[in-house]
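So the sequence lines, in the order shown, correspond to chains A and B. 1 is the number of the first residue of the first sequence in our numbering; add one for each residue after it. 1001 is the number of the first residue of the second sequence in our numbering; add one for each residue after it. Working notes for the structure below.
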Amino acid sequence: MEFRSHLTVALRVNGRRYEVPVDTRTTLLDLLREHLELTGTKKGCNFGECGACTVHLNGRRVNGCMILAASAEGAEVTTIEGLAEDGKLHPVQQAFIDHDAFQCGFCTPGQVMSAVALIREGHARSAAEIREWMSGNLCRCSSYPQILSAVEAAASQATAG
Amino acid sequence: MQSFDYGHAADIGEALANGDAPNTVFLAGGTELLNWLRLGVAKPARVIDLARLKGFADITRLPGGGLRIGALARLNDVALNDDVARDYPVLSQAILKSASAQLRNLATIGGNPLQKTRCGYFRAEETLPCNKRKLGSGCSALKGINDKHAIFGWSEACVATQPSDPATALSALDALYVTEHKDGGRRIKAEDLHTLPGDTPHIDNALRDGELIVGIELVGAARHSAYLKLRERESYEFAIVSAAVALDLEGDRILRARIALGSVAHKPWRLNQAESALSGVAANDTAAIRRALDASLVGAKTLAHNAYKVRLAKNAAERAIRLAAARTW
Chain A
1 MEFRSHLTVA
11 LRVNGRRYEV
21 PVDTRTTLLD
31 LLREHLELTG
41 TKKGCNFGEC
51 GACTVHLNGR
61 RVNGCMILAA
71 SAEGAEVTTI
81 EGLAEDGKLH
91 PVQQAFIDHD
101 AFQCGFCTPG
111 QVMSAVALIR
121 EGHARSAAEI
131 REWMSGNLCR
141 CSSYPQILSA
151 VEAAASQATA
161 G
Chain B
1001 MQSFDYGHAA
1011 DIGEALANGD
1021 APNTVFLAGG
1031 TELLNWLRLG
1041 VAKPARVIDL
1051 ARLKGFADIT
1061 RLPGGGLRIG
1071 ALARLNDVAL
1081 NDDVARDYPV
1091 LSQAILKSAS
1101 AQLRNLATIG
1111 GNPLQKTRCG
1121 YFRAEETLPC
1131 NKRKLGSGCS
1141 ALKGINDKHA
1151 IFGWSEACVA
1161 TQPSDPATAL
1171 SALDALYVTE
1181 HKDGGRRIKA
1191 EDLHTLPGDT
1201 PHIDNALRDG
1211 ELIVGIELVG
1221 AARHSAYLKL
1231 RERESYEFAI
1241 VSAAVALDLE
1251 GDRILRARIA
1261 LGSVAHKPWR
1271 LNQAESALSG
1281 VAANDTAAIR
1291 RALDASLVGA
1301 KTLAHNAYKV
1311 RLAKNAAERA
1321 IRLAAARTW
């Protein structure tokens, strides 16, 4: 088997194909921010504790800081920049605005990515379930009640739609 | 982070052939390894990514009624699997109470039990005396902040606990860890996977260099089972104490009880004495259950700040027994 200290990672991000040369230590988060300049995904703790770096990897929400870029070879990644379509915000993004679900905004991209996945997973059946399945996204401004309202509203809209 | 060489193993043979080389580590979910690399807990020269191994994430029925869970199955996929949720609720609950939804989408059931202690001295970003980090440097927690530390099986060299929720559930289920190694694989009983610190606190488990957990086998079913996790916040936090209980019941009577405590020792801690004493006891006989638990907990050895964990452990076990008994099928 072949071992390398530098390699080129081919992956799709928000529908676009990239080939990115990286040092093996590069995380998916750093690839997005530093190599592709997609800085919507935030680097909070860089230890998998805060959820600010949440992105979708092959359709599932994950912490971008916990994946080596090399492991994302061939993957389909969606970031906060890839949610809006034709200039129209994703319903979860709109719900965060409508419910005043952020203050400083630093955790918001991760919150939104997590919420989009949570609704798709079917884990928005009650307030308690939403709180539990959103618990991997910390908000130091403590906008939790508003975040919960936004996710509930977006989830009921998704069900109605 | 120190630089390392990275490669994908195309198959299990390739992983094992390269796995026991010096300074070589396996990468599964990565949710522990990446933090070890950042903290300098691990400084590997080579990382073998296991992501391309085929067939190691399947959950299949064993002939005879048990279940085999591929080591690379992601935690959420194990917890939400119908067979696991129905037949081994203790495992499903333990997984859903471990980590966040995002981490559980990455972390694997084979990797999770190999996580290291959450001791603040061990995980410190600056180097502090810690025999796990540097053997012979001392244990900062022994006379330091040790409110979350061990009450069983610790040594002067190390008072750290093993924090894995799934490992605690797997201990109560008498699971077998199936391993492969280029010199031959084996089945390790859950109770034998983790080691006690003794004078070798830098060693966490019984795995040899290059030995890989490839699956977990569960025998029978444990429908009367439950996991209770006590922590400082309701979600997304490590346990202060947890209790995994699996009961075999005949009517209201306990035929066999299996009880493992988490975050109280360097390994999931089975309450063998209590288990024996509970055989034949009515599941609603609170006084008898408390007596049985007292007998097991009398051997606890507390540190300056963690005596409260003994009471907490006893109460957690008692409540988990009630939860397990109350499950109706």
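Think of the CB as a built atom: it goes at the ideal place given N, C-alpha and C, for glycine as much as any other residue. All values derive from a computational prediction rather than experimental measurement.
Rounded Cβ spacing between residue i and residue j (contact assumed at less than 8 Å)
i	j	result
residue 1281 of chain B	residue 1274 of chain B	No, residue 1281 of chain B and residue 1274 of chain B are not in contact; Cβ-Cβ is about 10 Å, not under 8 Å.
residue 1019 of chain B	residue 1059 of chain B	The Cβ separation is near 24 Å, so there is no contact.
residue 1092 of chain B	residue 1085 of chain B	5 Å
residue 1267 of chain B	residue 1149 of chain B	That pair is no contact at about 14 Å.
residue 1026 of chain B	residue 1212 of chain B	6 Å
residue 65 of chain A	residue 48 of chain A	6 Å
residue 1016 of chain B	residue 1182 of chain B	4 Å
residue 36 of chain A	residue 18 of chain A	6 Å
residue 1023 of chain B	residue 1044 of chain B	5 Å
Spatial neighbours of residue i in its chain, beta-carbon cut-off 7 Å, leaving aside the 5 residues before and after
i	result
residue 25 of chain A	none
residue 1030 of chain B	1106
residue 1329 of chain B	With a pLDDT of only 49 at residue 1329 of chain B, under 50, the local geometry of the prediction cannot be trusted, and the value read off the model is given with reservation. 1223, listed in sequence order.
residue 90 of chain A	83, 84 and 116
residue 1010 of chain B	1052
residue 1218 of chain B	1066, 1067, 1088, 1173 and 1175
residue 1039 of chain B	1123 and 1125
residue 110 of chain A	42, 51, 52, 53, 54 and 137
residue 1094 of chain B	1165, 1166, 1168, 1169, 1227 and 1244
residue 1202 of chain B	1131, 1132 and 1135
residue 145 of chain A	none
residue 27 of chain A	64, 65, 67, 68 and 69
residue 1235 of chain B	none
residue 1290 of chain B	1318
Sequence-distant residues of its chain with Cβ nearer than 8 Å to residue i (five each side left out)
i	result
residue 1214 of chain B	1012, 1056, 1070, 1071, 1110, 1178, 1179, 1180 and 1185
residue 1122 of chain B	1041, 1116, 1130, 1132, 1133 and 1160
residue 1090 of chain B	1169, 1172, 1173, 1222, 1225, 1226, 1227, 1244, 1245, 1246 and 1324
residue 1021 of chain B	1046 and 1210
residue 1271 of chain B	1259, 1260, 1261, 1293, 1296, 1297 and 1317
Endpoints, alpha helix (DSSP H) assigned at residue i
i	result
residue 1013 of chain B	1012 to 1019
residue 110 of chain A	108 to 121
residue 1311 of chain B	1308 to 1326
Limits of the unbroken beta strand (DSSP E) element including residue i
i	result
residue 22 of chain A	16 to 23
residue 10 of chain A	6 to 13
residue 151 of chain A	Premise fails: residue 151 of chain A lies in the alpha helix (DSSP H), 144 to 160, not in any beta strand (DSSP E).
residue 54 of chain A	54 to 57
residue 78 of chain A	76 to 78
residue 62 of chain A	60 to 63
Which residues DSSP lists as bridging residue i, in chain order
i	result
residue 1246 of chain B	B:1225 and B:1258
residue 1217 of chain B	B:1068 and B:1176
residue 1189 of chain B	B:1176
residue 1060 of chain B	B:1068
residue 1026 of chain B	B:1048
residue 88 of chain A	A:85
residue 1006 of chain B	A:4 and B:1047
residue 1194 of chain B	B:1205
residue 1074 of chain B	B:1108
residue 1158 of chain B	B:1155
residue 1282 of chain B	B:1253
residue 1270 of chain B	B:1260
Contacts around residue i, its chain only, beta-carbon distance under 6 Å, and the 5 residues preceding and following it disregarded
i	result
residue 1257 of chain B	1247, 1275 and 1278
residue 1319 of chain B	1228
residue 1316 of chain B	1228, 1230, 1241 and 1243
residue 141 of chain A	103 and 104
residue 75 of chain A	11, 57 and 58
residue 92 of chain A	112, 115, 116 and 154
residue 1006 of chain B	1047
residue 1103 of chain B	1031
residue 1330 of chain B	Missing from the structure shown is residue 1330 of chain B; chain B here goes from 1001 to 1329 and no further.
Contact check, residue i vs residue j, beta carbons under 8 Å
i	j	result
residue 127 of chain A	residue 155 of chain A	no
residue 1152 of chain B	residue 1295 of chain B	no
residue 101 of chain A	residue 70 of chain A	no
residue 1263 of chain B	residue 1241 of chain B	yes
residue 1304 of chain B	residue 1146 of chain B	yes
residue 44 of chain A	residue 79 of chain A	no
residue 1157 of chain B	residue 1204 of chain B	no
residue 1050 of chain B	residue 1079 of chain B	no
residue 148 of chain A	residue 131 of chain A	yes
residue 77 of chain A	residue 13 of chain A	yes
residue 1119 of chain B	residue 1141 of chain B	yes
residue 81 of chain A	residue 9 of chain A	no
residue 1113 of chain B	residue 1154 of chain B	no
Residue i beta carbon near the ligand SAH (any heavy atom closer than 7 Å)
i	result
residue 1310 of chain B	What this structure holds is no ligand at all, so the ligand SAH is not there to describe.
Proximal chain C residues relative to residue i, where beta-carbon distance stays under 8 Å
i	result
residue 1004 of chain B	Going by chain labels, chain C is absent from the structure shown, which instead holds the protein chains A and B.
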